[in-house]
Amino acid sequence: MNNNLLFDFTVDKAAKTVFITREFDADLSLVWDAFTKAEILDQWVAPKPFISKTKFQDFKVGGRRFYAMVSPEGHERWAVQKYTSISPKTNFKLFNAFSDKDENLQLPGSDWDYTFSEQKGTTKVSIIIYNESLARMEKMIEMGFTEGFKMSMDNLDKLLAPR
Numbered sequence: 021m022n023n024n025l026l027f028d029f030t031v032d033k034a035a036k037t038v039f040i041t042r043e044f045d046a047d048l049s050l051v052w053d054a055f056t057k058a059e060i061l062d063q064w065v066a067p068k069p070f071i072s073k074t075k076f077q078d079f080k081v082g083g084r085r086f087y088a089m090v091s092p093e094g095h096e097r098w099a100v101q102k103y104t105s106i107s108p109k110t111n112f113k114l115f116n117a118f119s120d121k122d123e124n125l126q127l128p129g130s131d132w133d134y135t136f137s138e139q140k141g142t143t144k145v146s147i148i149i150y151n152e153s154l155a156r157m158e159k160m161i162e163m164g165f166t167e168g169f170k171m172s173m174d175n176l177d178k179l180l181a182p183r
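Take the sequence shown: its letters are residues 21 to 183, numbered as in the working numbering.
Dropping the structure here:
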């Protein structure tokens, strides 16, 4: 595993935006699949000891992913991602909002913009998360989003390592 990979995580409260750049020691196709296929996403996206459970996913413009982060005690925190733009293997955008188990959204939400690029077997993923509300962004950060996201990225590193 390459330990010299870039990982930058910046929170800009004034802009209500989180900027994340992360490199992976894997080819673009593998990393793209890890971010876009539910059966792979569920293996890494939840920070331990939580697990991710996708109820359904339709990865296409206008499609959505409905999933839960599940605690060791079985508590489910549901969310919906609605895909707004997809350029295969280079970029996708989605609107993310928490919801209840019946998919009723808890607004406001956030817009996520993922960009993928590869150079010499290393794939860089740049993520911009724009929050409609500063209060929502602060609540996410307060709930451990920064630490949890970093743990998720480490999970993905481990999942990609043997490939």
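Here a beta-carbon is modelled for each residue, glycine too, at the ideal position from N, C-alpha and C.
Query, Result
"Per DSSP, what kind of secondary structure is N24 in: helix, strand or coil?", "coil"
"Counting only the same chain and skipping the five closest in sequence on each side, list residues whose C-beta sits under 8 Å from that of S172.", "W64, V65, A66, P67"
"Output needed for R42: all residues of its chain with C-beta closer than 6 Å, excluding positions within five of it in sequence on either side, in chain order.", "F27, V145, M173"
"Throw me the rounded Cβ distance for the Y134 and K36 pair, which I believe falls under 8 Å.", "Wrong, their Cβ atoms sit about 18 Å apart, outside the cutoff."
"Whose CA, out of M157, A46, K73, lies closest to the CA of G94?", "K73"
"Quick one: what's E43 bridged to in DSSP?", "K144"
"Measuring alpha carbon to alpha carbon, tell me which of F39, A46, G82, V38 ends up nearest D177.", "A46"
"Name the DSSP bridge partner or partners of M173?", "Paired residues: none, contrary to the question."
"Locate the beta strand (DSSP E) running through T135, then write down its first and last residues.", "125-139"
"Among G129, V100, S105, which has the Cα closest to the Cα of D120?", "V100"
"When burial is assigned at 16 or more other CB atoms within 10 Å of the CB, is T117 buried or exposed?", "The sequence given here has Ala at residue 117, not Thr. Under this definition A117 is a buried residue."
"I need the boundaries of the alpha helix (DSSP H) containing T74, first residue and last residue.", "No alpha helix (DSSP H) holds T74; the beta strand (DSSP E) holding it covers 71-77."
"Nearest to R85 by alpha carbon, out of T30, P92, D62?", "D62"
"Would you decide whether M157 is buried or exposed? Buried here means 16 or more other CB atoms lie within 10 Å of its CB.", "buried"
"Give the DSSP-derived three-state secondary structure of V81 in the structure shown.", "coil"
"Is the beta carbon of T166 less than 7 Å from the beta carbon of F136?", "no"
"In the DSSP output, which residue or residues are listed as bridge partners for Q63?", "Note: Q63 sits in no beta bridge, so no partner."
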